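*Asks:*
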Amino acid sequence: MYESSSSNDLTPLLTLYRMGKFDLSHRIVLAPLSRNRSYNNVPQPHAALYYSQRATKGGLLIAEGTGVSHTAQGFPHAPGIWTKEHVEAWKPIVDAVHQKGGIFFLQILHVGRLSTNDSISSTDKGITPGLNGVEWSPPRRIRKDEIPNIVNDFRLAARNAIEAGFDGVEIHATNGCLIEQFLKDEVNDRKDEYGGSLENRSRIALEIVEAITNEIGSSRVGIRLSPFSNFMESGDSNPDALGLYMANALNKFDILYLHMVEPGVSGATVLQESEDETPHRLLRMRKAFKNTFIAAGGYNRSKGNQAIGENYADLVAFGRLFLANPDLPRRYELDASLNECNSSTFYVLDPVVGYTDYPFLEEA
Ligand SMILES: Cc1cc2nc3c(=O)[nH]c(=O)nc-3n(C[C@H](O)[C@H](O)[C@H](O)COP(=O)(O)O)c2cc1C
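The sequence shown begins at 2 in the working numbering and counts up one residue at a time.
(1) What residues in its chain sit with their C-beta under 6 Å from that of histidine 99, if we drop five residues either side in the sequence?
(2) Less than 8 Å separating the Cβ of glycine 299 from some heavy atom of ligand 1?
(3) Cβ of glutamine 108 versus every heavy atom of ligand 1: is any distance shorter than 8 Å?
(4) Would you list the one or two residues that DSSP bridges to isoleucine 172?
(5) Among Ile295, Asn133, Gly60 and Thr129, which residue has its Cα nearest to the Cα of glycine 102?
(6) Can you find at least 3 beta carbon pairs, one from the stretch 71-83 and one from the stretch 21-32, that sit closer than 8 Å?
(7) Residues in its own chain within less than 6 Å of aspartate 255 by CB, not counting five upstream and five downstream?
(8) Tell me whether phenylalanine 347 sits in a helix, a strand or coil according to DSSP, three-state version.
(9) Check whether the Cβ of serine 344 sits closer than 8 Å to any heavy atom of ligand 1, and report yes or no.
(10) Quick one: residues in its chain with C-beta nearer than 6 Å to the C-beta of alanine 308, no 5 flanking neighbours on either side, listed in chain order?
(11) For the alpha helix (DSSP H) that leucine 61 lies in, which residues bound it at each end?
(12) Could you give the residue range of the beta strand (DSSP E) that holds phenylalanine 23?
(13) What runs of the beta strand (DSSP E), each 3 residues or longer, lie entirely inside the stretch 225-253?
(14) Give every residue of the same chain whose Cβ lies closer than 6 Å to the Cβ of serine 275, excluding the five residues on either side of it in the sequence, and list them in chain order.
(15) Alpha helix (DSSP H) containing histidine 71: first to last residue?
(16) Quick one: what does DSSP say leucine 259 is sitting in, helix, strand or coil?
(17) With DSSP as the reference, identify every bridge partner of threonine 293, one or two as the case may be.
(18) When the Cβ atoms of the stretch 73-93 are set against those of the stretch 10-27, are three or more pairs found closer than 8 Å?
(19) If we count the other Cβ atoms within 10 Å of its Cβ and call it buried at 16 or more, is alanine 64 buried or exposed?
(20) Let's test the definition: count the other Cβ atoms within 10 Å of the Cβ of aspartate 193 and tell me whether it reaches 16, buried, or not, exposed.
(21) Cβ-heavy atom distance between threonine 357 and ligand 1 below 8 Å?
(22) Cα-Cα, which of Phe347, Leu199 and Pro327 is closest to asparagine 340?
(23) When DSSP labels each residue in this structure, what does alanine 318 get in the three-state scheme?
(24) The beta strand (DSSP E) with isoleucine 29 in it runs from where to where?
(25) By the 10 Å Cβ neighbour count, where 16 or more other Cβ atoms means buried, how is lysine 253 classified, buried or exposed?
(26) With a CB to CB cut of under 8 Å and the five nearest residues on each side skipped, what residues in its chain are close to tyrosine 195?
(27) Helix, strand or coil for serine 122 per DSSP?
(28) If the criterion is Cβ atoms closer than 9 Å, does the pair phenylalanine 167 and alanine 212 meet it?
(29) Name the DSSP bridge partner or partners of glycine 81?
(30) Could you please give the first and the last residue of the uninterrupted alpha helix (DSSP H) stretch that includes arginine 302?
(31) Would you check if the distance between the CB atom of leucine 107 and the CB atom of alanine 162 is smaller than 9 Å?
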């Protein structure tokens, strides 16, 4: 599976890698980043510029969390992929990335109780009102007989993503959204076969994986998990066991990749450039999972090189640094200085400011 080039031993992040049928020219992945600039859930032309700025030949980009259905939406102006209009709107964005030789996956999600009205979840327990400045309302507990519809929404979204031209999909099972609301025992208080044991809590996630792999083929499917995250009051009492259980269970479906977030990194604040050791909390999951493993959360150039060099991960996803540095792979190649990210413009509606106006190296 490994195809490291010997030419770049000093910069492991810049070595070749074969991920399934995709030939990657380096190990630097754009992490999924919600930018809330898809007005009324319709992806906009400015996203074509934003993503193509970050595209490189043989580089993997993961597009932001995108709603699988009308009820899946929580964040204002987040994109969708459940209507024909959404599919058509994504096409030129995907084309722009492909023209630069990029490999483009769409992250598909359901927010569950991360919403202020008519939300649904594994539970009827709401997020504490006022947390992060939002007046969360309690969700409605999903009935068991509704679960097939949710699984089906993910399946259709994956099909739509392929129709839009994406190379594959990443299932969002992280950051306190619906799938994680089933996976984590701080949230899931169900008494049926979707709650309680690890096997039960992971049932919906694996049903979604199965439905999507049947629909578009396992070679186009990845999943993102954050077992260590407590984001939005969705922690777990035994994240190592949860992560390991999922890594093993996913092997059965032979999916393309497993993408995991390191402990203690929510991504909400500005990245601290510390040179701490890589926590290595994902190592057991990395070893258990047989296909490509992507690590994310708090990485910089040196930590990324270390992770690849030590075979701790096959690929490293960068969030805030890639957001602020459209030419991050080039900067890492030159070990050049970096733009700082501005968290106050992460989610503003402006089609340019804080979005496509971060300077390239030549302009900085
Ligand atoms: C503005 C912003 C939006 C994000 N949106 C998403 C998202 O849509 N899906 C997701 O899985 N993670 C999302 N994250 C988390 C990032 O993908 C990443 O895990 C986090 O920023 C930590 O990585 P970093 O230290 O490289 O930034 C977001 C983070 C930020 C800063």
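Beta carbons: idealized from backbone N, C-alpha and C, even for Gly.
Bear in mind that the values here come from a model prediction, so they are computed numbers and not experimental data.
*Replies:* The short version:
(1) none
(2) yes
(3) yes
(4) Ile109 and Ile224
(5) Gly60
(6) no
(7) Ser219
(8) coil
(9) yes
(10) Thr279, Ala296, Ala314 and Val317
(11) Not the alpha helix (DSSP H): leucine 61 falls in the beta strand (DSSP E), residues 61-68.
(12) 23-25
(13) none
(14) A caution first: serine 275 carries a pLDDT of 48, below 50, which makes its placement in the model unreliable, though a value can still be read off. Counting only Cβ-Cβ distances below 6 Å, and skipping sequence neighbours, we find nothing.
(15) That residue, histidine 71, is in no alpha helix (DSSP H); it is neither H nor E in DSSP.
(16) strand
(17) Tyr258
(18) no
(19) buried
(20) exposed
(21) no
(22) Pro327
(23) strand
(24) 29-31
(25) exposed
(26) Ser123, Lys145, Ile148, Phe183, Asn189, Asn201, Arg202, Arg204 and Ile205
(27) strand
(28) no
(29) Gly68
(30) 302-310
(31) yes
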